[in-house]
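Undergrad: Below you'll find the structure I mean.
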Ligand SMILES: Nc1ncnc2c1ncn2[C@@H]1O[C@H](COP(=O)(O)OP(=O)(O)OP(=O)(O)O)[C@@H](O)[C@H]1O
Ligand SMILES: Nc1ncnc2c1ncn2[C@@H]1O[C@H](COP(=O)(O)OP(=O)(O)OP(=O)(O)O)[C@@H](O)[C@H]1O
Ligand SMILES: [Mg+2]
Ligand SMILES: [Mg+2]
């Protein structure tokens, strides 16, 4: 079943066009990855889906409803969670505060968030140690962990991940990718943007390749990994 | 050690505390002139904090940083830069609203001398200096391959190019020592290869480099020596081959199976 | 001396009362609201209007004021905040300066320049304890302030809505991505702050009178209290307010009444130099 | 660097217009007065333009420097009998020193605190003027301040004054233009958006800010000195927060951080305030609402608006 | 609030009125402008001055010198034959050079002593200056109340400062030194500090020199704090607004005033007050009453010599006028009013009712 369908969207920053006629879909239960060089428009796609930018043309259909005219809050409350580029931790909130705030979309008064917290801490034990430290003072990697953790706290149906492994230590990169696989297996659909194309293609089911704001190639992850051009451009060999 | 000379910078028993947290404790290492020295370790190990102490942003609670024969602890950041230490940032710092060229020109100011009055009066000397600032800045941009983007608002550069601009900016201060904090973050493998060439070229200019990285392929390829940190302490130091096989480093940092790296 | 301290504390409470709503707004939108003094003034004036022009009782007048102020809160949001929510905070700050001029002069046009007062809920009896005398109304001020202080501390530190407000102030876009209904939260804040202003107005009017300039006067004092205490901190506001109130009285009594305000400002500057974060401010810096 | 040809032409036309303008209004003391006031406010607005445009800070204490300039000019010319022009220079330098002094604590803090510390500064200056009667004559103020004398020339008429003010506006603008295009201007802008990063790039944030405050308050002081001799009578009431707020509004209405901005903003507001007099006691209400509306509809001032219009036109040309 | 005022379009005689209609200073300014409007309407209703209607050019002088100056410009642009000026001395001072240059009579009801000491031949004061009223109430405190240990509470504005000097001079002439002197800002809301300082000095009376809201604050807090000694207040305390604020503590307070329009038993003043209240829905103060007299004095002058600036001045210098509040006659410095009264307030049915306890008349012979 198609969960998310992006139909011929065009996005502009001022007068500059960032996306041209982008079209793709994500099926329920899939991991789909977007590949592309610097400035290809990957982050822009994710921002458009979560409603942070409005497309000038085209539509985005999520669970059979058009969401491209909805407010960010409404989109989020439908189960889309976006872990954005650049971490965007709330600098003046503690680690706990950052995580707690992320439950706004589903949490009723007084409901416990312990399960979700445990889940995040199992993945990133470091965060438990830093529980009462203010967001701004965390190390880069710790902030990245927190950003991902925050995304998980919101019980997403569709998780948009923008470069989740950025700045993480190799050992942690492994566990992050494993986690992505696990939560996907538990039923969360994932749209993944990664510079670590090698890893992304290993866990993804399908992938799309972007160049200058256009989709130039798509197919099953395995095929893409084997594609000569892809190897040259993104896998360094 | 592969070497071209004595130590350019010596970090001795460096330590810093944030409230109850001992973020860096008793770390020492020497970086020899002309080398590339990598600093690696798990997230939160204290790598960036060490750079912050070297560049004068944090004041260490203890220890010394000997650079060019004198202890530079206590110097404010702009003085450290004047002494010849430049850096890039893990969290990119772009001067928003300034063009790419102006971003780099800002870094030239540390090498100028004309005073306020002459500037206001636009004396010939002031004009000459202003021109040389622009020329040197363009040169630095050309070096990183961003010369054609010089008039763009720096804020609108894509992520990877911002990192390159930061390197150009750091180079524009004419450093002897360059501190790079995760320069490859946000770049794909092909771009990383490019970066490798580029850091090698910097070394060829005679600039010493301290490099923080999580991309092991990059680190192993270009570093002369690696210092590994964990929980604020140094757990290993040596040439790449040695570090790669050090069980403690594998345990704390690299992970056992190298599946996704 | 005790008399002076008691009076100083009650002055401090009024500063703090004025500051509560201000801090609430600051913590939600991350901008100083210069119009808040005038909003407090309107809280009092609405009560005065109900009593004087409609002939209502004090209690009814208070209810009326709360309702009218909720409206003013909505106006504040939609006129002087909402249209600028995506712009630099500077624009919001300046808009609030504009709003303060607008409100101050509207009060002048509506109620004239004469100072007026409204009666206290507890009448104008005096309380004598030993040699110390104070109006019963001051006791009411102490109690209400303490109550709101505790409430607000609880609100910010214990409730998730308080945290959502903070998140909203720090990064609105991210707050939306967290599913926080940002616009609604902010509207709520403005309304809440305006209702607090109504209480502050009713506490202030019997002792300090209402006049079009009174808002400017108290907001400047509340600012000093806030800066001394630490921006955004409720504890800081309370401590700063009491400290300032007591200092003012003691300085006027024992040091110099002529340069009393200069001294308050010098204290402010000194605190900023010695403790840039104030007594209770948390440091939030940039991580590079 | 330097001006483009088109900017050069526009600038020249504007100056020419400014030079001939009063000839048409010579007969109207009222309009000449407004022009002169606008002129003084232009200089004053430039002073805030530095702080806000180049450091991104809001000051509501500019009236303090204005007052220092005014009182010291008056004191030097009347008390010590110094000629007006050296007195004006000394007064401006004194104001600049005050700015640097205020900058020492103020440069350590940012944003909201800065607003408050400048507010405090403005009030302290006003209170001192008010209370230090022996020197400032308290609320009575200083009266009968003599008009400037330039050699045998007594600049007394409003007409003559106009050219004096115009001269200083040109000086102010030339300085503003050369600072903007110099390393000092760039350092300020860099410090504004990323103080720490600028510091690491070798820019001393303290001296950068102090230079900024110094230049800023120098011009505020200059405007004060001009004002004192123009009005001929100064008293503490003239230098309260409202004046500082006016200056801020002028800066923003014009478009901060630009060169034409202050000229447009100050002129527009001086005249607007006059026209609003027609509505008598409601004019301050409208003025307040106006500030909010400007923030809503032209957040980058008239200059921002012009730039948008230009962008729209030029993008049409492209199509 | 104020009403807009306009007369028939064929108005001939232009008179300028400048006063504060906005800002905190409007407290006094608005009431005076009202008086001018009232006087002009009365003349116009009676057929004008010598058959010509009066037109008032009313301008707001706000709270700054600059604003006062542009107001003056606008008034002068109407070619007025005389100006009824603002009450605030700093604005008047700023206007003096222009007034001299233009040669236009300027009349106002200000109390600041220094105004008439600057040798301005065009300015006329029609209010007992501080030298009269402060002298009266200080003398009253010392001579009538036998207060030898007075404490002074003054506001930091010019009003407070010039009053302070005069009080000190009078006390000195009586060989008395105040036991305490305190200062406060006009906008101050709490006087506990000042009053405690005074309490420690054990004075036998308090003489205050302040504006309306702070006067109210001082009187109320003095009695709340239990400092039960006589209080002699400046004319601000004669304002009905202040009585409402002070409430029952007005009992026994002495106040200096030039006139008490609201309680003067004189039927003419009563009738006037009624008319004023009916028209402007606010109670007049003594300044308003004297401003009304001032306007009438001026209109009489115009009636006598026509709208000629110089002639008006000369006429004013030579003639006297019996107004509602008293007789006006200018001395060499152009001070025109020399009367002062001291009243004491008593509470009757929750209202503060004044009774005149002493009248002073210092008119030079
Ligand atoms: N705020 C903005 N204003 C103007 N142009 C922008 C803005 N943000 C992005 N762009 C431009 O849009 C294009 C797409 O940017 P986007 O951030 O989506 O790329 P990306 O694929 O995520 O790149 P990266 O790998 O560097 O993150 C780029 O050319 C960029 O310069
Ligand atoms: N200003 C500060 N206040 C409190 N704790 C801090 C501060 N700066 C850093 N820390 C803590 O010190 C530790 C070291 O941080 P640092 O930024 O040096 O890590 P790092 O080695 O650079 O990690 P990463 O690879 O994730 O960037 C972290 O746990 C961080 O939370
Ligand atoms: Mg991206
Ligand atoms: Mg780091």
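Residue numbers (the numbering used here), protein chains in the order written: chain A, 1 to 237; chain B, 1 to 261; chain C, 1 to 288; chain D, 1 to 319; chain E, 1 to 365.
Glycine is no exception: its CB is placed at the ideal position from the N, C-alpha and C atoms.
(1) Would you say residue 105(C) reaches chain E, if we count a Cβ-Cβ gap shorter than 9 angstroms as a contact?
(2) Would the beta-carbon of residue 9(A) fall within 9 angstroms of that of residue 60(A)?
(3) Does residue 183(E) come out as helix, strand or coil in the three-state DSSP assignment?
(4) CB residue 294(D) to CB residue 248(D), shorter than 9 angstroms?
(5) Among all residues, which have a Cβ less than 5 angstroms from at least one non-hydrogen atom of ligand 2, and in what chain order do they fall?
(6) Taking the C-alpha atoms as reference points, what is the distance between residue 156(A) and residue 131(A)?
(7) Where do the ends of the alpha helix (DSSP H) carrying residue 194(B) lie?
(8) On a CA-only basis, which of 268(C), 278(C), 201(C), 90(C) is nearest residue 233(C)? Give me that one, please.
(9) Enumerated in chain order, which unbroken segments of the alpha helix (DSSP H) with a length of 4 residues or greater are wholly contained in the region 125–155 of chain E?
(10) Comparing the CB of residue 195(A) with every heavy atom of ligand 1, is any distance shorter than 8 angstroms?
(11) In terms of residues, what are the limits of the alpha helix (DSSP H) holding residue 14(D)?
(12) Expressed to the nearest angstrom, what Euclidean distance is found between the alpha-carbon atoms of residue 68(C) and residue 150(A)?
(13) Alpha carbon to alpha carbon, how far is residue 62(D) from residue 23(D)? Give it in angstroms, no decimals.
(14) How many angstroms separate the CA atom of residue 83(B) from the CA atom of residue 56(B)?
(15) Following the continuous alpha helix (DSSP H) through residue 176(A), name the residue where it begins and the one where it ends.
(16) Whose Cβ in chain C lies nearer than 7 angstroms to the Cβ of residue 102(A)?
(17) Out of curiosity, what's the CA-to-CA distance linking residue 40(D) and residue 227(D)?
(18) Under 8 angstroms: do the region 99–119 of chain E and the region 308–318 of chain E share three or more Cβ pairs, one atom per stretch?
(19) Do residue 98(B) and residue 153(B) have their C-beta atoms within less than 9 angstroms of each other?
(20) Using a Cβ cut-off of 9 angstroms (strictly closer), state whether residue 244(E) contacts chain C.
(21) State the start and end residues of the unbroken alpha helix (DSSP H) segment that holds residue 71(D).
(22) Under the three-state reduction of DSSP, which class applies to residue 38(C): helix, strand or coil?
(23) What is the DSSP secondary structure of residue 4(E), counted as helix, strand or coil?
(24) As an exercise, report each continuous beta strand (DSSP E) stretch of at least 3 residues that is fully enclosed by the region 56–96 of chain B, in chain order.
(25) Hey, is the region 92–111 of chain D in contact with the region 195–202 of chain C, meaning 3+ C-beta pairs nearer than 8 angstroms?
(26) Looking only at its chain, what residues have a beta carbon closer than 6 angstroms to the beta carbon of residue 307(E), apart from the 5 residues adjacent to it on each side?
(27) Determine the closest residue to residue 259(E) out of 248(E), 240(E), 331(E), with distance taken between C-alpha atoms.
(28) Quick one: what does DSSP say residue 276(B) is sitting in, helix, strand or coil?
(29) Measuring CB to CB, does residue 84(E) end up less than 9 angstroms from residue 175(E)?
(30) Return the residues of the region 37–53 of chain C that lie within a Cβ-Cβ distance of less than 8 angstroms from chain E, sorted by chain order.
(31) Could you tell me the alpha carbon to alpha carbon distance between residue 294(E) and residue 310(E), rounded to whole angstroms?
(32) Would you list the one or two residues that DSSP bridges to residue 33(E)?
(33) What do you reckon, is the C-beta of residue 54(B) under 8 angstroms from a heavy atom of ligand 4?
(34) At 7 angstroms on the CB atoms, spell out the chain C contacts of residue 88(A), in chain order.
(35) Ligand 1 and residue 88(B): does any heavy atom of the ligand fall closer than 8 angstroms to the residue's C-beta?
(36) Using a Cβ-Cβ cutoff of 7 angstroms, what residues of the region 62–73 of chain E are near chain D? List them in chain order.
TA: Short version:
(1) Residue numbering aside, residue 105(C) sits at position 105 when the third chain is read from its first letter. Residue 105(C) counts as touching chain E.
(2) Counted from its first residue, the first chain places residue 9(A) at position 9. Counted from its first residue, the first chain places residue 60(A) at position 60. Against a cut-off of 9 angstroms, the Cβ pair of residue 60(A) and residue 9(A) comes out as a contact.
(3) Here residue 183(E) is taken as the residue at index 183 of the fifth chain, counted from 1. If DSSP states are grouped into helix, strand and coil, residue 183(E) belongs with the strands.
(4) Reading the fourth chain from its first residue, position 294 is the one you call residue 294(D). Reading the fourth chain from its first residue, position 248 is the one you call residue 248(D). For residue 294(D) and residue 248(D), no; Cβs fall outside 9 angstroms.
(5) 137(A), 138(A), 139(A), 140(A), 141(A), 18(B), 23(B), 43(B), 44(B), 45(B), 46(B), 47(B), 48(B), 49(B)
(6) Stepping through the first chain from its first residue, residue 156(A) is reached at position 156. Stepping through the first chain from its first residue, residue 131(A) is reached at position 131. Their Cα atoms are separated by approximately 23 angstroms.
(7) The sequence position of residue 194(B) within the second chain is 194, counting from 1. Counting along the chain, the alpha helix (DSSP H) containing residue 194(B) begins and ends at 189–204.
(8) Indexing the third chain from 1 puts residue 233(C) at position 233. Ranking the options by Cα distance to residue 233(C), first place goes to 278(C).
(9) 130–139
(10) In the first chain, residue 195(A) corresponds to position 195, counting from 1. Within the cutoff, so yes.
(11) The residue given as residue 14(D) occupies position 14 in the fourth chain. Note, residue 14(D): alpha helix (DSSP H), 5–25.
(12) Position 68 of the third chain, counted from the first residue, corresponds to residue 68(C). Position 150 of the first chain, counted from the first residue, corresponds to residue 150(A). When rounded, the distance between both Cα atoms is 40 angstroms.
(13) Numbered from 1 along the fourth chain, position 23 holds the residue referred to as residue 23(D). Numbered from 1 along the fourth chain, position 62 holds the residue referred to as residue 62(D). Distance between the alpha carbons of residue 23(D) and residue 62(D) is about 32 angstroms.
(14) One-based indexing of the second chain puts residue 83(B) at position 83. One-based indexing of the second chain puts residue 56(B) at position 56. For residue 83(B) and residue 56(B), the distance between alpha carbons rounds to 12 angstroms.
(15) In the first chain, the residue the question calls residue 176(A) occupies position 176. Run containing residue 176(A): 170–185, per the alpha helix (DSSP H) assignment.
(16) Position 102 of the first chain holds residue 102(A). Near residue 102(A) (Cβ distances below 7 angstroms), the residues of chain C are 178.
(17) Locating residue 40(D) in the fourth chain gives position 40, where the first residue counts as 1. Locating residue 227(D) in the fourth chain gives position 227, where the first residue counts as 1. Between residue 40(D) and residue 227(D), the C-alpha separation is close to 7 angstroms.
(18) yes
(19) Walking along the second chain from the start, residue 98(B) turns up at place 98. Walking along the second chain from the start, residue 153(B) turns up at place 153. Cβ atoms of residue 98(B) and residue 153(B): closer than 9 angstroms.
(20) Along the fifth chain, read from residue 1 onward, the residue named residue 244(E) stands at position 244. Judged by the 9 angstroms Cβ criterion, residue 244(E) is in contact with chain C.
(21) Stepping through the fourth chain from its first residue, residue 71(D) is reached at position 71. Per DSSP, residue 71(D) belongs to the alpha helix (DSSP H) from 62–74.
(22) Within the third chain, the letter at position 38 stands for residue 38(C). Residue state, collapsed to three classes: helix.
(23) Taking the first residue of the fifth chain as 1, we reach residue 4(E) at position 4. The predicted model places residue 4(E) with a pLDDT of 40, which falls under 50 and marks its position as unreliable, so this point remains unresolved.
(24) 62–67, 85–87
(25) no
(26) Sequence index remark: in the fifth chain, residue 307(E) carries index 307 (1-based). Once the five neighbours on either side are set aside, the close Cβ partners of residue 307(E) are 13, 81.
(27) Start at 1 with the first residue of the fifth chain, and residue 259(E) comes out as number 259. Considering only alpha carbons, the answer is 240(E).
(28) The question about residue 276(B) has no answer, for chain B in this structure spans 1 to 261.
(29) Walking along the fifth chain from the start, residue 84(E) turns up at place 84. Walking along the fifth chain from the start, residue 175(E) turns up at place 175. Not a contact, by the Cβ cut-off of 9 angstroms.
(30) none
(31) Taking the first residue of the fifth chain as position 1, residue 294(E) is located at position 294. Taking the first residue of the fifth chain as position 1, residue 310(E) is located at position 310. So the two alpha carbons sit approximately 18 angstroms from each other.
(32) As a first step, residue 33(E) must be located in the fifth chain, where it is residue number 33. Answer is none; residue 33(E) lacks a bridge partner.
(33) Within the second chain, the letter at position 54 stands for residue 54(B). Because no heavy atom of ligand 4 lies under 8 angstroms away, the Cβ of residue 54(B) does not count as near it: no.
(34) Translated into positions along the first chain, residue 88(A) becomes position 88. Here the neighbours are 171, 174.
(35) Your numbering for residue 88(B) matches position 88 in the second chain. No, the Cβ of residue 88(B) stays beyond 8 angstroms of every heavy atom of ligand 1.
(36) 63, 64, 65, 66, 69, 70, 73
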